[in-house]
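Enquirer:
Number of protein chains: 2
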Amino acid sequence: MKVGILGLGTVGGGVINVLQKNSASIERRTGVQIELVIAGVRDVTKKRICDTSNIKLTEDPFEVVNHPDIDVVLELIGGFGLAKELVEAAINNGKHIITANKALIGNHGNELMKLANKKQVRFLFEASVAGGIPIIKALGQGLSANNIESVAGIINGTGNFILTDMKEKGRDFDDVLKEAQALGYAEEDPTFDIEGIDAAHKLSILAAIAFGTEIQFSKVYTQGISKITTEDILHATELGYTIKHLGIAKRVEDGIELRVHPTLVSNSQLIAQVDGVMNAVLVKSDALGTSLYYGAGAGDEATASAVIADLNDIINNQTSNHILGWKSQEKINVVDNDAIVSEFFLRLLVSDIKGVLSKVTGIFNDHNVSIEALIQKQVDENKNAHIAITTDRVSTKTVMNIKKAIEASDFNQAEVQLIHIELLD
Amino acid sequence: MKVGILGLGTVGGGVINVLQKNSASIERRTGVQIELVIAGVRDVTKKRICDTSNIKLTEDPFEVVNHPDIDVVLELIGGFGLAKELVEAAINNGKHIITANKALIGNHGNELMKLANKKQVRFLFEASVAGGIPIIKALGQGLSANNIESVAGIINGTGNFILTDMKEKGRDFDDVLKEAQALGYAEEDPTFDIEGIDAAHKLSILAAIAFGTEIQFSKVYTQGISKITTEDILHATELGYTIKHLGIAKRVEDGIELRVHPTLVSNSQLIAQVDGVMNAVLVKSDALGTSLYYGAGAGDEATASAVIADLNDIINNQTSNHILGWKSQEKINVVDNDAIVSEFFLRLLVSDIKGVLSKVTGIFNDHNVSIEALIQKQVDENKNAHIAITTDRVSTKTVMNIKKAIEASDFNQAEVQLIHIELLD
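In order, the protein sequences belong to chains A and B.
In this text, residue positions in the first sequence follow my numbering: the first is 1, and each later residue adds one.
In this text, residue positions in the second sequence follow my numbering: the first is 1001, and each later residue adds one.
Below is the structure:
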């Protein structure tokens, strides 16, 4: 099995290191020696985390995808401009593709998979979601007897690190973000991670496997964590919840919900205990019930673990595109965000005038929404009171109207914070 | 794909129900319709949980394994007398085998797999460990790039239900066992579950996949939970631990450790939060690091989920015997229990005489063992004191000598309780 690699950064370097280190045990499981033939890199003189003495390095990536000896191309350069061009060329040359590139799949997965099916090559991407956790294989094979009802995951380690640290140390978002950047967990421009775009890419992939829908990245309702405050976390904790940035895909009557947003999760749920940069995906399915898959969502060797697992599957003739559900995909309707029904957490800052609680609860009553729990916290130096409210199940449209009505009231002192609650059981 | 079933009890009935209910989504993933041709049952007139109107029922199980149209036999009758005979006959007839029978594999897995390899049929058993959790596929495929360092699992739901209930409600073992029996979670004769034999079967299977060793069920050190008391649980809780009945397989310098025993797990570990009848398997591996797989370990449809996943893998030509590591198995040395090094929890009942603490700690000192934590609890009506101690890492042999030395002392009032602590990180 002869392999070409595009990109020898963190993931590519990890792949080489793991293949070298574990060649004996990998051969035990495959009966085949994996030969790394050629790698396309930006600068052949750069110092690397891996030993490349037996691999030809080239600065022309097309030399890799056009190499006549190569059976499989590992696309590990990221982005979706050049990466797409290279992957298309490789497929057209009859090479199998393994990629860790969620942005590429999120944006061009449908057409690339169509091309791969046409050219009868494998297009595998275990590493694109939740790093080394074999969640794509679990959904495609392990749970293949099930109708999947929902998938809810902590699928961005950066965001989870920030929320965990904010909770554990009572620190501000900006403060923790800076630390995450210093530690290398967050990029200099952290938008993709903290605003949920990365998670939305991954969610669109999970939904495709779980429900047999096309990739519908552009339809994912996406809300980041940058507006989560220590106040939110304190109130959530008091009510028995932890705030997690979840990607949620759910089958409902009118199609599927696809959403990435901060979410209050009950502390009694296992996923509420998933801390730091770790990832976890909770799956609800009709035969198995609830199952959860937990592990490292990033890192050189963790991601390499998933890339090489795909490689081993190709060697063993496993994980066809078919079982990924990608030979019979339909475009399942994505439910509009306004129509999504959920429980919600609202946090208000109101002037501590007489009867304010009754006015607030009156607004919920006017919209026919039941309040599940209410905490009125300390009055601050400005004579303002903090109120946290959790609701019964209500449509997003209605709860947005409640938010607007509160914000239009004379007692209101700040933008109302509105966060989904997800029961997950 | 034509299928014959041996046994239409809970699991067999679940398989039929799930195949009928989810035929559309299964066909989407396989492109094939699965046809249940014939089922061997003890009594064809018995009322069942599933619709058998399109399946031929027979009371002669050999009619199933000899049926000329059948491609795959699902062995779901359990036990390892008749089951073995039937599976051998089916393999010799060129049928693929899917089984949920951990006792069969624990006792005869090596020879059956050899026969299956010789006859070039698939021998799959995802349902034999941790019910519907796709842990065999995760170890064999998802983690195939990794050297596995250890596997530690809650792999018996009955035991976990009992320990959870004892902790949550402060109830006695016998009391909870009776409830588990009434609820159908425990058998009338609960020995297999509570004494760890069932878990040892499963552990021997996990170890075979993880390390490429032969099945070595008879070498598993097995200790049950029937001697765990509410006192143990209270002291463990106070020290920040939960007691779980774990199956642990670990690579060490001299080979592998294979052991099933009650274990103190830190409450900060996810696996400590796995409650009730749920199962979970924690895997440590060199590339991915720590990963965890959680879900239902039993139940008709949960187990059926795993059986049908194996069936779909056969249809899609996936999960060869090879990737299970069973084509290159060696007999890896199982380390003797005496030589296993671990931290331990000891619980003592001693007479509250002057200097007793110094005498107890002196015994540890004499054996060169450090005490990590010590709690002396209330003196009871008999003027006896309860002492709980956790040790630093020490060999089982040494800690057994400490236990003996304490029990031989004049201040000792009861058998010393000795439980493993497992750090798992």
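Beta carbons: idealized from backbone N, C-alpha and C, even for Gly.
Candidates T1222/B, Q1216/B, L1163/B and F1217/B: which alpha carbon is nearest T1229/B's?
Expert: Selected option, being the one with the closest Cα: L1163/B.
Enquirer: For N1107/B, does the three-state DSSP call read helix, strand or coil?
Expert: Reduced to three states, the DSSP call for N1107/B is helix.
Enquirer: In chain order, what residues of the same chain have a beta carbon less than 8 Å from the beta carbon of A272/A, not counting five sequence neighbours either side?
Expert: Here the set comprises Y241, T242, K244, V265 and S266.
Enquirer: Nearest to I1421/B by CA position, among A1405/B, I1375/B, L1288/B and I1248/B, is which residue?
Expert: Nearest of A1405/B, I1375/B, L1288/B and I1248/B to I1421/B, Cα basis: I1248/B.
Enquirer: Taking the alpha-carbon positions, what's the F80/A to A1089/B distance?
Expert: In a straight line, the C-alpha of F80/A is about 54 Å away from that of A1089/B.
Enquirer: Does any C-beta atom of chain A lie closer than 8 Å to the C-beta of R1048/B?
Expert: By this cut-off, R1048/B is not an interface position.
Enquirer: Report the three-state DSSP secondary structure of V44/A (helix, strand or coil).
Expert: Residue state, collapsed to three classes: coil.
Enquirer: Give the straight-line distance between the Cα atoms of P1190/B and A1182/B, rounded to the nearest whole angstrom.
Expert: Their Cα atoms are separated by approximately 12 Å.
Enquirer: Check N365/A in the structure and name its three-state DSSP category.
Expert: N365/A: helix per DSSP, three-state reduction.
Enquirer: For N54/A, which residues does DSSP report across the bridge?
Expert: Note: N54/A sits in no beta bridge, so no partner.
Enquirer: Taking C-beta to C-beta, are V3/A and L74/A nearer than 8 Å?
Expert: The answer is yes: Cβ separation under 8 Å.
Enquirer: Taking the alpha-carbon positions, what's the I1049/B to N1017/B distance?
Expert: If I take the Cα positions, the gap works out to 8 Å.
Enquirer: Specify, as a first and last residue, the run of the beta strand (DSSP E) that P262/A falls within.
Expert: P262/A -> beta strand (DSSP E) spans G255 to S266.
Enquirer: Touching or not, the stretch 398-407 of chain A and the stretch 379-388 of chain A, by the rule of three or more beta carbon pairs under 8 Å?
Expert: No, the stretch 398-407 of chain A does not touch the stretch 379-388 of chain A.
Enquirer: CB-CB under 7 Å to A1298/B, same chain, minus the five flanking residues each way: which ones, in chain order?
Expert: Once the five neighbours on either side are set aside, the close Cβ partners of A1298/B are G1131, G1157 and V1277.
Enquirer: Between the C-alpha atoms of L1374/B and S1226/B, what's the straight-line distance to the nearest angstrom?
Expert: Going from the Cα of L1374/B to the Cα of S1226/B covers about 25 Å.
Enquirer: Taking the C-alpha atoms as reference points, what is the distance between N1093/B and E1027/B?
Expert: Distance between the alpha carbons of N1093/B and E1027/B: 27 Å.
Enquirer: So, do the stretch 1112-1121 of chain B and the stretch 103-123 of chain A have three or more beta carbon pairs nearer to each other than 8 Å?
Expert: Too few Cβ pairs lie closer than 8 Å, so no.
Enquirer: For chain B, is any of its Cβ atoms less than 8 Å away from the one on L163/A?
Expert: Not an interface residue.
Enquirer: Quick one: Cα of A1287/B to Cα of S1144/B, how far?
Expert: Approximately 10 Å, taken between the alpha carbons.
Enquirer: Within the 8 Å Cβ cut-off, does A1210/B reach chain A?
Expert: It does not: the Cβ of A1210/B has no partner Cβ on chain A nearer than 8 Å.
Enquirer: Could you give the distance in angstroms between the alpha-carbon of I1314/B and the alpha-carbon of I1371/B?
Expert: Their Cα atoms are separated by approximately 53 Å.
Enquirer: Using a cut-off of 9 Å between C-beta atoms, extract the partners of G12/A located in chain C.
Expert: In the displayed structure, chain C is absent; the protein chains listed are A and B.
Enquirer: Using only alpha-carbon positions, find the residue among I1148/B, G1106/B and I1353/B that is nearest to S1128/B.
Expert: Ranking the options by Cα distance to S1128/B, first place goes to G1106/B.
Enquirer: Could you pull the start and end residues of the beta strand (DSSP E) that V399/A belongs to?
Expert: Note, V399/A: premise wrong, no beta strand (DSSP E); alpha helix (DSSP H) at T396 to E407.
Enquirer: Could you check whether the Cβ of R1029/B sits closer than 8 Å to any Cβ belonging to chain A?
Expert: Cβ-Cβ to chain A under 8 Å: yes for R1029/B.
Enquirer: In terms of alpha-carbon separation, which member of D1310/B, G1289/B, A1208/B and G1040/B lies closest to T1030/B?
Expert: Of the candidates D1310/B, G1289/B, A1208/B and G1040/B, the one whose C-alpha sits nearest the C-alpha of T1030/B is D1310/B.
Enquirer: Where does G1224/B land, buried or exposed, given buried means 16+ other C-beta within 10 angstroms?
Expert: Flag for G1224/B reads buried.
Enquirer: Please check if any C-beta of chain B sits within less than 8 Å of the C-beta of I26/A.
Expert: With 8 Å as the cut-off, I26/A counts as an interface residue toward chain B.
Enquirer: Does DSSP put G1009/B in a helix, in a strand, or in coil?
Expert: Three-state DSSP puts G1009/B in coil, outside helix and strand.
Enquirer: Within 10 angstroms of its Cβ, does K1169/B collect 16 or more other Cβ (buried), or is it exposed?
Expert: With fewer than 16 other Cβ atoms within 10 Å, it is exposed.
Enquirer: Could you check how far apart the C-beta atoms of S280/A and G153/A are, in whole angstroms? I think they sit under 8 Å.
Expert: Before going on, a small fix: residue 280/A reads as Ala here, not Ser. Indeed, because the Cβ distance is near 7 Å, the residues count as touching under 8 Å.
Enquirer: Identify the continuous alpha helix (DSSP H) that holds Q1181/B and give its terminal residues.
Expert: F1173 to A1182 is the span of the alpha helix (DSSP H), which, as asked, contains Q1181/B.
Enquirer: Give me whichever residues DSSP pairs with R1029/B in a beta bridge.
Expert: Answer is none; R1029/B lacks a bridge partner.
Enquirer: Distance, Cα to Cα, L282/A vs I148/A?
Expert: Their backbone Cα atoms lie some 11 Å apart in a straight line.
Enquirer: L959/B versus chain A: which residues are under 9 Å apart at the beta carbon?
Expert: Absent from the model: residue 959/B. The displayed extent of chain B is 1001 to 1425, so no value can be given.
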